[in-house]
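Participant:
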């Protein structure tokens, strides 16, 4: 294998690894955000609904 082929394969391998890690980190942060959002919504929905009770026809 020519040295240029090896350089190209190394660049492709590094790019693939970095793309996987960035994607994995993004997915993990997205999942963590959803979990935190559900926890906060469950904890604060009553005070927030009382705060918005002045809206007419709000249910």
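Residue numbers (the UniProt record's numbering): 1 to 59.
Note that beta-carbon positions come from the ideal geometry of N, C-alpha and C, so glycine has one too.
Being a predicted model, the structure only gives us computed values, none of them experimental.
Can you tell me the Cα-Cα spacing of residue 3 and residue 29, whole angstroms?
Facilitator: Rounded to whole angstroms, residue 3 to residue 29 spans 39 Å at the Cα level.
Participant: The alpha helix (DSSP H) that contains residue 22, what's its start and end?
Facilitator: 3-51
Participant: Alpha carbon to alpha carbon, how far is residue 16 from residue 39?
Facilitator: For residue 16 and residue 39, the distance between alpha carbons rounds to 35 Å.
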